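Student: First to last, the protein sequences are chains A and B. If you count the first sequence from 1, position 183 lands on 189 in my numbering, and the numbers rise without skipping. If you count the second sequence from 1, position 162 lands on 228 in my numbering, and the numbers rise without skipping. Yeah, the Cβ is synthetic: ideal placement off N, Cα and C, and Gly gets one too. The structure displayed is predicted, hence computed values, not measured ones.
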Amino acid sequence: CHGPGVCRSGREDMALPCARLPRARREGTVRWSSAAKASAVTITEKASREKILTLESMNPQVKAVEYAVRGPIVLKAGEIEKELRKGIKKPFTEVIKANIGDAHAMGQRPITFLRQVVALCTYPNLLDSPSFPEDAKKRARRILQGCGGNSLGSYSASQGINCIREDVAAYIERRDGGVPADPDNIYLTTGASDGIATILKILVSGGGKSRTGVMIPIPQYPLYSAAISELDAIQVNYYLDEENCWALDVNELRRSLNEAKAYCNPKVLCIINPGNPTGQVQNRKCIEDVIHFAWEEKLFLLADEVYQDNVYSEGCQFHSFKKILYEMGPEYYNNVELASFHSTSKGYMGECGYRGGYMEVINLHPEIKGQLVKLLSVRLCPPVSGQAAMDIVVNPPVPGEESYSQFIKEKESVLNNLAKKAKLTEDMFNKVPGIHCNPLQGAMYAFPRIFIPSKAIEEAKAHKMAPDMFYCMKLLEETGICVVPGSGFGQREGSHHFRMTILPPVEKLKILLEKVKDFHIKFLEKYA
Amino acid sequence: REPVLTPATMNPALRKVEYAVRGPIVTRALQLEQELWQDASKPFTEVIKANIGDAQAMGQQPITFFRQVTALCLYPELLIVPSIPDDAKDRAHRLLGACNGYSAGAYSASAGIEMVRQDVARFLQRRDGVPASPGDIFLSTGASDAIMSILKLLVSGSGPSRTGVLIPIPQYPLYSAAIAELSAVQLNYYLDEGHCWALDVAELRRALAEGRRHCCPRVLCIINPGNPTGQVQSRQCIEDVIKFAFEEKLFLMADEVYQDNVYAEGSAFHSFKKVLMEMGPPYSETVELASFHSVSKGFMGECGFRSGYVEVVNMDPQVKQQLVKLVSVRLCPPVPGQILLDTVVNPPQPGELSYECFIAEKQAVLSALAHKARLTEEIFNRTPGIHCNPVQGAMYSFPRIDLPPRALAAAKAQGQAPDMFFCMKLLEETGICVVPGSGFGQREGTFHFRMTILPPTEKLQILLEKLSSFYTKFVKEYS
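(1) Could you spell out where the alpha helix (DSSP H) holding arginine 278 of chain B opens and where it closes?
(2) Flag this pair as yes or no: are the beta carbons of valine 551 of chain B and histidine 359 of chain B separated by less than 7 Å?
(3) Return the CA-CA distance between glycine 167 of chain B and glutamate 531 of chain A, expressed in angstroms with no decimal places.
(4) Output the distance between the C-alpha atoms of valine 541 of chain B and aspartate 141 of chain A, rounded to the nearest integer angstrom.
(5) Can you find the residues in the same chain that come closer than 6 Å, C-beta to C-beta, to isoleucine 224 of chain A, ignoring five residues on each side of it along the sequence?
(6) By alpha-carbon positions, which one of A/Leu378, A/Ile508, A/Ala428 ends up nearest to proline 73 of chain B?
(7) So is alanine 345 of chain A buried or exposed if we call it buried at 16+ other beta carbons inside 10 Å?
(8) Give me the residue from B/Met486, B/Ile452, B/Glu543 with the minimum Cα distance to arginine 472 of chain B.
(9) If I follow the unbroken alpha helix (DSSP H) through aspartate 382 of chain B, where does it start and stop?
(10) Using a Cβ-Cβ cut-off of 7 Å (strictly less than) and excluding sequence neighbours within five positions of valine 393 of chain B, which residues of its own chain qualify?
(11) Assuming methionine 366 of chain B and valine 401 of chain B make a contact with CB atoms under 8 Å, what is their CB distance in whole Å?
(12) Strictly under 7 Å for the Cβ-Cβ distance: is tyrosine 244 of chain A near chain D by that measure?
(13) State the beta-bridge partners of proline 283 of chain B as determined by DSSP.
(14) Nearest CA to the CA of cysteine 478 of chain A: which residue from A/Glu303, A/Phe504, A/Ile86, A/Glu62?
(15) Looking at the unbroken alpha helix (DSSP H) that takes in serine 206 of chain B, where does it start and where does it end?
(16) What residue range does the alpha helix (DSSP H) around leucine 253 of chain B cover?
(17) Per the DSSP calculation, isoleucine 192 of chain A is bridged to which residue(s)?
(18) Since alanine 125 of chain A meets chain B, which of its residues come closer than 7 Å, beta carbon to beta carbon?
(19) For a test of the three-state rule: what should DSSP assign to methionine 319 of chain B, helix, strand or coil?
(20) So with Cβ pairs under 7 Å, would you call methionine 506 of chain A a contact of chain B?
(21) Looking at leucine 161 of chain B: is its Cβ nearer than 7 Å to the Cβ of aspartate 408 of chain B?
(22) Give the DSSP-derived three-state secondary structure of methionine 1 of chain A in the structure shown.
(23) Run down chain B in chain order and give the residues with a C-beta less than 9 Å from the C-beta of phenylalanine 306 of chain A.
(24) Is alanine 123 of chain B closer than 7 Å to glycine 183 of chain A when the C-beta atoms are compared?
(25) Let me see if you follow: with CB-CB separation under 7 Å, is tyrosine 73 of chain A close to chain B or not?
(26) Just grab the DSSP bridge partners of serine 433 of chain B for me.
(27) Would you list, in sequence order, the uninterrupted alpha helix (DSSP H) runs of no fewer than 4 residues that lie entirely inside the region 415-459 of chain B?
(28) Figure out for me which residue from A/Val384, A/Phe435, A/Gly214 has the closest Cα to the Cα of valine 522 of chain A.
(29) For glutamate 248 of chain A, which residues in the same chain have their Cβ closer than 6 Å to its Cβ, ignoring the five residues on either side in sequence?
(30) Label arginine 133 of chain B either buried or exposed according to how many other C-beta atoms from any shown protein chain fall within 10 Å of its C-beta, with 16 as the threshold for buried.
(31) DSSP has aspartate 247 of chain A in a bridge; who is on the other side?
(32) Helix, strand or coil, according to DSSP, for histidine 526 of chain A in the structure here?
(33) What do you get for isoleucine 117 of chain A, buried or exposed, if any count of 16 or more other CB atoms within 10 angstroms of its CB means buried?
(34) Measuring straight from C-alpha to C-alpha, what distance separates isoleucine 458 of chain A and leucine 331 of chain A?
(35) Sort out for me which residues DSSP pairs serine 349 of chain A with in a bridge.
(36) So if I threshold CB-CB distances at 8 Å, which residues from the region 382-398 of chain B count as touching chain A?
Structural data, given as structure tokens:
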């Protein structure tokens with residue numbers, strides 16, 4: 007199996023881990039049980055007896071999970087780093103982790119105001135300190151008042167701190183030009199991933215041919231395929247159009263849906279906008295078409311919008327699914343079920359480590375909302391420091407406030423920098439023979455297509471690796487640059503890609519891109 | 067038109083999930099609070115949330131040093147501020163150096179910041195006197211997160227081969243919720259109320275044999291100190307449990323989040339890991355164990371940071387890799403929480419600047435809790451009909467209440483469990499919110515409620531007396 011996204015046509019000869027096969031074909035573990043009973047245990051038995059929890063006895067759904075962004079190539083990068091620290095000589099002096107959308111790890115600075123407010127909340131003695139501006143203190147006091155015992159250390163309500171949910175709703179209204187948002191529809195989460203996994207969990211039901219099918223873009227962010235595997239749902243792939251800047255084509259949605267109906271019950275349509283790994287920013291018409299399709303085909307819409315602040319290309323603009331839905335009028339707005347996700351990890355904030363996020367749910371059945379809160383309550387609440395960070399994201403300094411000028415300077419600096427790097431990356435990759443890079447309209451990644459000669463494909467096969475994994479491993483070993491092979495995200499059969507972040511500082515990024523270029527040319531020559 | 071996602075079409079396993087600690091009684095408590103805001107015509111002036119083990123919500127103060135270090139890491143500009151002591155700054159420097167890009171905003175490794183895992187290992191070595199390896203330690207988003215991950219790994223099979231999970235009754239309802247969500251099989255073993263909630267291996271054996279008739283029991287969950295029961299297991303008991311797990315091939319899960327909350331004379335915390343290692347081979351080399359800890363309880367009470375860890379012992383190396391893979395999908399636990407955890411396992415030492423203040427704060431919290439544990443037991447036991455076992459540890463009392471037959475009938479008429487009926491009435495008339503025993507499990511025909519010992523001492527005394535009077539009135543009314 008080449009991993010999520012490649013198996014297009016329900017090939018039955020595919021090995022077990024393919025989440026797309028109907029459930030009935032999955033291997034059970036009944037055999038383990040009789041084996042276990044057969045191996046009676048006595049006190050005098052040697053310590054080398056079979057363990058209770060083994061690859062064979064463990065949860066098969068967990069075994070099927072893959073997450074390429076921190077997968078084999080990153081493990082290898084970690085090993086190489088250890089070797090470098092031991093003084094082992096390599097053709098490079100450092101490993102560059104261009105595999106993960108982590109801006110701070112690559113040197114981006116946090117937004118001062120956000121950190122001030124969270125520090126004040128963490129150690130409220132600082133509220134008496136002259137080193138903090140009054141507007142930061144005001145925000146901190148408000149957050150603390152929303153906390154039990156006025157402390158970040160208390161559990162919050164499972165849905166999140168009330169005043170923060172109100173701030174999120176206000177932010178959404180401002181962002182969407184006045185389209186109303188109800189705090190009651192806002193749920194703070196432990197990163198967007200938490201919200202996405204929770205909604206998917208609630209949606210999955212049925213068995214055999216009625217098992218829930220989840221439509222996901224190919225290429226996708228592999229949280230989706232991982233969640234689908236873990237939940238034993240059915241992954242239904244729809245292909246983005248590489249020739250058209252990774253556009254989403256409703257005809258392809260229709261093709262994918264109709265094929266899937268033969269073996270599952272497709273109920274969910276996942277959209278990532280701006281896209282990851284592809285960076286495409288959907289235009290208004292496209293979003294309308296998708297909403298209409300979801301309405302027509304009765305699909306629950308998941309809109310992953312964590313990159314909503316990362317839009318670079320001229321002529322591209324972020325439109326939230328919620329806003330468009332509303333603007334399409336009551337038949338859509340009162341019926342289409344939608345969950346939209348945002349996060350503190352991306353944008354101009356880059357606060358990945360805080361695990362802050364929220365989701366806004368529209369048209370959720372009231373009893374489902376009750377079930378949702380019940381489910382969330384088992385885990386008590388999202389981390390309160392992350393909730394505080396989210397509050398600053400949606401409630402930043404405004405003109406007239408003391409901290410505004412520094413805030414806006416920092417924000418614009420980060421975003422301009424990213425836009426510059428997006429263009430730089432696209433331009434440099436497109437100068438390399440055998441690399442084709444679509445414009446990086448948004449998000450934080452390049453996902454160039456790479457030509458891999460057939461000799462290399464053969465060698466990859468011999469090593470039991472996907473060709474782009476083989477390529478990326480060689481790249482890592484020869485340059486120290488760690489990127490993620492396209493097979494980890496899914497791609498059309500026979501095409502190869504890798505995902506690289508645009509996050510290293512400009513000068514370093516230029517050097518990296520040169521190195522990738524040199525490597526690629528050498529690679530082509532070697533396997534000509 | 068009919069929505070896509072309805073109670074009929076949703077994940078059926080989730081419908082069965084319940085979590086009483088934030089269940090219906092708490093929903094009602096919140097409503098009452100709202101009503102109080104709007105008009106004050108109630109027999110009480112505030113709602114007391116004695117339902118949840120959240121110390122800081124009840125006024126307990128955080129440990130200064132922990133918050134100083136964390137704040138420094140979140141806003142390193144504070145490293146030059148004179149009002150924060152140097153030992154806190156040193157810790158912060160060290161921790162920031164271990165963060166990618168020198169920032170708490172970067173993702174950490176999925177198992178947690180390597181240096182923090184090393185500090186946890188050192189902590190465990192100091193605590194237990196036996197070696198601990200950072201590679202066996204996984205930081206998590208609260209202990210609940212790690213408990214869930216481990217259970218997830220363990221659940222497989224179907225029908226008669228479906229994984230069975232032995233849990234104590236009464237239990238902390240994360241376990242029953244997780245089992246329901248994972249469609250595993252819940253197997254109850256009863257703690258002995260007549261013997262201070264002791265765990266009896268004969269009862270484990272009974273539960274196991276019963277379980278084998280319809281599923282494949284693979285996991286044995288222990289909560290020590292107990293929640294809701296507060297019992298602290300003796301060393302002998304722990305050895306017996308370990309032997310049992312060894313004999314019967316059960317994966318042991320030891321929930322030890324209350325390890326710092328031990329009050330009773332003669333009670334001491336013994337970690338399962340330590341006892342296991344001290345028992346030597348074959349046990350020490352064979353028994354698969356996962357032990358859990360958290361920053362939410364103890365003397366720290368940092369629930370909102372969502373930080374904890376699991377230490378795995380004798381885990382199959384390939385399964386460990388699978389665990390690494392599983393947690394990688396969610397990237398990492400919250401970094402501020404990891405930082406705070408580091409200060410907990412690496413606190414000020416004698417001689418350090420912050421030591422005096424730290425130790426005073428810690429001891430104040432723990433002695434207050436010990437006092438309140440005794441006070442609770444004492445006051446409840448004064449009232450005929452309320453039977454409260456000694457609160458040996460943790461943060462709760464779980465008294466048994468005798469309910470007259472007319473009350474049982476009234477409850478039935480309302481479609482409520484009798485102790486829910488009692489607790490609802492208590493809430494409506496006194497504003498005190500506790501959780502009915504039915505939310506934790508109890509022997510048939512017995513009724514309990516779980517109340518925290520966390521409100522400040524004077525307030526707690528008043529609450530205990532109010533509750534006791536209410537009980538007496540209630541019994542009279544339904545006699």
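Tutor: By the coordinates alone:
(1) For arginine 278 of chain B, the enclosing alpha helix (DSSP H) begins and ends at 267-278.
(2) Since the displayed chain B opens at 67 and closes at 545, residue 551 of chain B lies outside it and no answer follows.
(3) One C-alpha to the other measures close to 36 Å.
(4) Distance between the alpha carbons of valine 541 of chain B and aspartate 141 of chain A: 55 Å.
(5) Excluding sequence neighbours, isoleucine 224 of chain A sits near Gly11, Asn243, Tyr245, Gly496.
(6) Nearest of A/Leu378, A/Ile508, A/Ala428 to proline 73 of chain B, Cα basis: A/Leu378.
(7) Alanine 345 of chain A should be labelled buried.
(8) Here the closest residue by C-alpha is B/Glu543.
(9) The continuous stretches of alpha helix (DSSP H) do not include aspartate 382 of chain B, and DSSP gives it neither H nor E.
(10) Here the set comprises Ser176, Ala177, Phe204, Ser215.
(11) That pair is no contact at about 17 Å.
(12) In the structure shown, chain D does not exist; the protein chains are A and B.
(13) For proline 283 of chain B, which the question treats as bridged, DSSP gives the partners B/Gly230.
(14) Looking at the Cα atoms, A/Phe504 is the closest of the given residues.
(15) For serine 206 of chain B, there is no enclosing alpha helix (DSSP H); the enclosing beta strand (DSSP E) covers residues 203-206.
(16) Counting along the chain, leucine 253 of chain B falls outside any alpha helix (DSSP H), though it belongs to the beta strand (DSSP E) covering 251-256.
(17) The partner list for isoleucine 192 of chain A (beta bridge, DSSP) reads A/Glu366.
(18) Within 7 Å Cβ-Cβ: Ala137, Leu140, Tyr141, Leu144.
(19) In this structure, DSSP gives methionine 319 of chain B an extended state, which the three-state scheme calls strand.
(20) At a cut-off of 7 Å between C-beta atoms, methionine 506 of chain A does not count as an interface residue with respect to chain B.
(21) If you check the CB distance, leucine 161 of chain B and aspartate 408 of chain B come in under 7 Å.
(22) Residue 1 of chain A lies beyond the stretch modelled for chain A, which goes from 7 to 534, so this question has no answer here.
(23) The answer, in chain order, is Pro69, Val70, Leu71.
(24) Between glycine 183 of chain A and alanine 123 of chain B, the gap from beta carbon to beta carbon reaches 7 Å or more.
(25) So, interface residue.
(26) None, per the DSSP bridge assignment.
(27) Fully enclosed alpha helix (DSSP H) runs of no fewer than 4 residues occupy 421-448 of the region 415-459 of chain B, in order along the chain.
(28) The candidate whose alpha carbon is nearest that of valine 522 of chain A is A/Phe435.
(29) None.
(30) Burial is judged here by how many other beta carbons sit within 10 angstroms of a residue's own beta carbon; arginine 133 of chain B has at least 16 and is buried.
(31) According to DSSP, aspartate 247 of chain A bridges with A/Ala253.
(32) It is helical.
(33) By the 10 Å Cβ count, isoleucine 117 of chain A comes out buried.
(34) It is roughly 42 Å from the alpha-carbon of isoleucine 458 of chain A to the alpha-carbon of leucine 331 of chain A.
(35) The bridge partners DSSP lists for serine 349 of chain A are A/Gly363.
(36) So the close ones are Asp382, Gln384, Val385, Gln388, Lys391, Leu392, Ser394, Val395, Arg396, Leu397, Cys398.
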